Amino acid sequence: MALKFCPKCGNKLDSDASFCDACGADLRERPEKTDAVPEQQVQPTVEKSLGDGVYADFIPRLVAIIIDGIIISIIGWLILLPFDYNPLRMFWQSYFVNYAIGFLYYFLLENFNSGQTLGKAALKLRTVDEKTFKPTTPDKYVLNNLLKAGSFLLLIDFIIGILMNSGKPERRLRLMQNVSETVVITTK
181 MALKFCPKCG
191 NKLDSDASFC
201 DACGADLRER
211 PEKTDAVPEQ
221 QVQPTVEKSL
231 GDGVYADFIP
241 RLVAIIIDGI
251 IISIIGWLIL
261 LPFDYNPLRM
271 FWQSYFVNYA
281 IGFLYYFLLE
291 NFNSGQTLGK
301 AALKLRTVDE
311 KTFKPTTPDK
321 YVLNNLLKAG
331 SFLLLIDFII
341 GILMNSGKPE
351 RRLRLMQNVS
361 ETVVITTK
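Here the sequence shown stands for residues 181 to 368, where the numbers follow my numbering.
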């Protein structure tokens, strides 16, 4: 007999579901008597289970962005090193070069590395789809990383995101996470 609701989080299930879409609970190994869990009995918490993690805190996310920023800056510096040095031109060149490198870095690593950049991997963080808590689609990673690659744009993205999401349990800290429907989780 198929479950109608997840015994772990109370999410409504498809009749042939092996895993809960909301919390990732394994539904294959279960006692047959737990046919349904009424929705009113389930008490969702802020730190709800996300399959293999919980919503990430601010400090680890900040440290991951700093690590990634250092890596991007070093790559950009190495690319611009052979060119003539003019301080004003170098500033604008380095900004645009670092933006392009940063965008490619974030997009390619998150898209092909299950939502992790090198900084996120070091801190066991992952960017995932807000509904399935699994790596998301390439187009959502593009949206998520449009403003993250530029330091000035990241600051604007962060300020607007904090103002829009104050007090929400998903802990989205950036505007583009709303647009891309992604969240950052801590993995085990």
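For every residue, glycine included, the Cβ atom is placed at its ideal position computed from N, Cα and C. Keep in mind the model is a prediction, meaning the values are calculated, not measured.
Could you work out which residue in the options is closest to residue i when comparing CA atoms only?
{"i": "Ala-244", "options": "Cys-200, Gln-296, Ile-259", "result": "Gln-296"}
{"i": "Asn-278", "options": "Leu-327, Val-308, Leu-343, Asp-206", "result": "Leu-327"}
{"i": "Pro-315", "options": "Gly-341, Leu-261, Ile-239, Asn-291", "result": "Asn-291"}
{"i": "Pro-240", "options": "Asn-358, Glu-361, Ala-302, Thr-362", "result": "Ala-302"}
{"i": "Gly-282", "options": "Leu-305, Val-363, Ile-254", "result": "Ile-254"}
{"i": "Leu-312", "options": "Val-363, Leu-333, Leu-343", "result": "The identity of residue 312 in the sequence shown is Thr, whereas the question assumes Leu. Looking at the Cα atoms, Val-363 is the closest of the given residues."}
{"i": "Asp-337", "options": "Met-356, Tyr-321, Val-322", "result": "Met-356"}
{"i": "Asn-293", "options": "Tyr-321, Met-344, Phe-238", "result": "Tyr-321"}
{"i": "Lys-304", "options": "Thr-366, Pro-318, Leu-335, Phe-238", "result": "Thr-366"}
{"i": "Ala-236", "options": "Asp-319, Asn-191, Lys-300, Thr-317", "result": "Lys-300"}
{"i": "Glu-361", "options": "Phe-238, Asn-324, Ile-340", "result": "Asn-324"}
{"i": "Ile-250", "options": "Met-344, Phe-185, Ala-329", "result": "Ala-329"}
From which residue to which residue does the beta strand (DSSP E) around residue i run?
{"i": "Leu-305", "result": "305 to 309"}
{"i": "Thr-362", "result": "362 to 367"}
Starting from residue i, trace the alpha helix (DSSP H) in both directions and tell me its first and last residue.
{"i": "Lys-320", "result": "318 to 325"}
{"i": "Lys-184", "result": "Premise fails: Lys-184 is in no alpha helix (DSSP H) and is neither H nor E."}
{"i": "Lys-328", "result": "Where Lys-328 is concerned, there is no enclosing alpha helix (DSSP H), given that its DSSP letter is neither H nor E."}
{"i": "Arg-208", "result": "No alpha helix (DSSP H) holds Arg-208; DSSP gives it neither H nor E."}
{"i": "Phe-238", "result": "238 to 260"}
Which value, in whole angstroms, describes the spacing of the CA atoms of residue i and residue j?
{"i": "Gly-204", "j": "Ser-274", "result": "43 Å"}
{"i": "Arg-208", "j": "Val-359", "result": "34 Å"}
{"i": "Ala-202", "j": "Glu-310", "result": "9 Å"}
{"i": "Asp-206", "j": "Val-234", "result": "17 Å"}
{"i": "Ile-342", "j": "Val-308", "result": "19 Å"}
{"i": "Asp-368", "j": "Ile-252", "result": "For the sequence presented, residue 368 should be read as Lys rather than Asp. Computed Cα separation, rounded: 26 Å."}
{"i": "Tyr-286", "j": "Leu-298", "result": "9 Å"}
{"i": "Ile-247", "j": "Leu-288", "result": "16 Å"}
{"i": "Cys-189", "j": "Leu-261", "result": "54 Å"}
{"i": "Arg-354", "j": "Arg-306", "result": "15 Å"}
{"i": "Trp-257", "j": "Leu-284", "result": "16 Å"}
{"i": "Gln-220", "j": "Pro-318", "result": "Because Gln-220 carries a pLDDT of 46, less than 50, the predicted location of this residue cannot be relied on, and no value is offered for it."}
Mapping DSSP to helix, strand and coil, what is residue i?
{"i": "Phe-199", "result": "strand"}
{"i": "Lys-300", "result": "helix"}
{"i": "Phe-276", "result": "helix"}
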